[in-house]
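So the structure is just underneath, and the comments pick up after that.
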Amino acid sequence: MATITVSYDGVELILSDNGHTNASRSEQIIWHPGTGVHSITSVTKKTSSPKTTEEFWANPPQQNGVNFKGTINSSAEGAWDYDITCNVGTQQNPVFKSKDPRIQVFSR
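Per the working numbering, the sequence shown starts with residue 1, numbered consecutively.
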């Protein structure tokens, strides 16, 4: 299981894996709000991603409490490019910031 903490430094979102996750087939990925992030609002495929959501995920990323969680398909390989959007404001006055990281799975 890979846990990626998403923080905000006052300018941009910072991912604990520097925006590039190396993962295994069937691995569960969890995105967790860190310092300066009130909530993670979405994890969605970029249109330029080389893999579709259906090809890459057995269970696509979805909200799970304060986290987002997904499980990679057991036959997945290649990369999935995505946009992650977070609220760095408050619930009453949200401010949304996005970043476009990548998850890479190697066939074994």
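Even glycine gets a Cβ: it sits at the ideal position worked out from N, Cα and C.
- Boundaries of the beta strand (DSSP E) around residue 3: 2–8.
- A direct Cα-Cα distance of roughly 26 angstroms separates residue 27 from residue 38.
- Between residue 40 and residue 6, the C-beta spacing is below 8 angstroms.
- With a cutoff of 8 angstroms on beta-carbon distance, residue 84 and residue 101 are scored as near each other.
- Fully enclosed alpha helix (DSSP H) runs of no fewer than 4 residues occupy 53–56 of the segment 30–79, in order along the chain.
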